[in-house]
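Worksheet for the structure shown next.
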């Protein structure tokens, strides 16, 4: 049985939607210009005491020096990697004694642990936030608030983008956003013992939003910015990814006709729908426009 292809929706103002469909290109954004100051810009909460950290450090270093488990911090320029390389060049017996001495002493203070946690958060932001390129979509097309906020008070449009395998569509890579009351939280031992992959950390950072945004039912396609440090980039999409266009219930007639003409000419396979207000509920409904 074939897997159903992923189908998602993008809300646009009339002008932005028309430009997107006319040019066949979509805007991918850096999280640095997102409208939520927590989105991709919050710190992780790292649970664990000084004793937890010391135990992890001692066990990891001994395993590394003995060759039982070679440790490499995910970020290649990490100070941790530099320290490990230095230890590898020393006699093992001496290194084990040094590790035990460090673990039993007051070398690591609460302030040092705070610095470690801060260093981890800084590394995440430097390596991930700076170069992320994200395209945001929704799993629904009839949310009243979304139409109000992102489709210019229901005068814009919603475009249905669907995975199109012949074009190796990026839509298939979309991941669902997680909504939470709390900031992303990791245990210090999960980080120290590498129970978390870079992908786990990346997903928690880029796919976790505050609970109040849950109404958006957001999905995200995340990649790396082609030009590092850019705030956005415009990338062409495969025409066949467009499978439907929805006209807002308050769209001006002249604007509606312009969108309809464009879709019929450039995306003749795509269905066109007109939104209207339900007569007995606070709800948006659609009827298909048949030419």
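Numbering (our numbering), first residue to last: -8 to 282. Using N, Cα and C, we set each Cβ at its ideal position, and we do this for glycine too.
Based on the DSSP output, what are the partners of residue 278 in its beta bridges?
When beta bridges are read from the DSSP output, residue 278 appears opposite 265.
Going by DSSP in three states, residue 22 sits in which element: helix, strand or coil?
The DSSP-derived three-state label of residue 22 is helix.
So, under 8 Å CB-CB, residue 22 and residue 34 are touching, yes? Tell me the CB distance rounded to an integer number of Å.
Contact between residue 22 and residue 34 is absent: CB atoms are separated by about 14 Å, not below the 8 Å threshold.
Taking the CB atoms as reference points, tell me whether residue 206 and residue 253 lie closer together than 7 Å.
No, the pair does not count as a contact, with Cβ atoms beyond the cut-off.
Using the Cα positions of residue 16 and residue 39, report the straight-line distance between them to the nearest angstrom.
C-alpha of residue 16 to C-alpha of residue 39: approximately 46 Å in a straight line.
Does the segment 265 to 280 come into contact with the segment 228 to 247, if we say contact requires no fewer than three beta-carbon pairs (one atom in each stretch) closer than 8 Å?
Touching, yes.
Under a three-way DSSP split, which group does residue 252 fall into?
Judged by DSSP in its simplified three-state form, residue 252 adopts helix.
Please state whether DSSP places residue 201 in a helix, a strand or coil.
Residue state, collapsed to three classes: strand.
Residue from 4, 108, 12, 1 with nearest C-alpha to residue 177:
Comparing C-alpha distances from residue 177 to each of 4, 108, 12, 1 shows the shortest one belongs to 108.
Does residue 210 come out as helix, strand or coil in the three-state DSSP assignment?
In the three-state reduction of the DSSP assignment, residue 210 falls in the strand class, which pools E and B.
I believe residue 201 touches residue 175 by the beta-carbon criterion, under 8 Å. Please report the beta-carbon distance rounded to the nearest angstrom.
Not confirmed; about 12 Å, so no contact.
Supposed contact pair residue 232 and residue 162 - C-beta distance, whole angstroms, cut 8 Å:
With 8 Å as the limit, residue 162 and residue 232 qualify as a contact, their Cβ atoms being about 6 Å apart.
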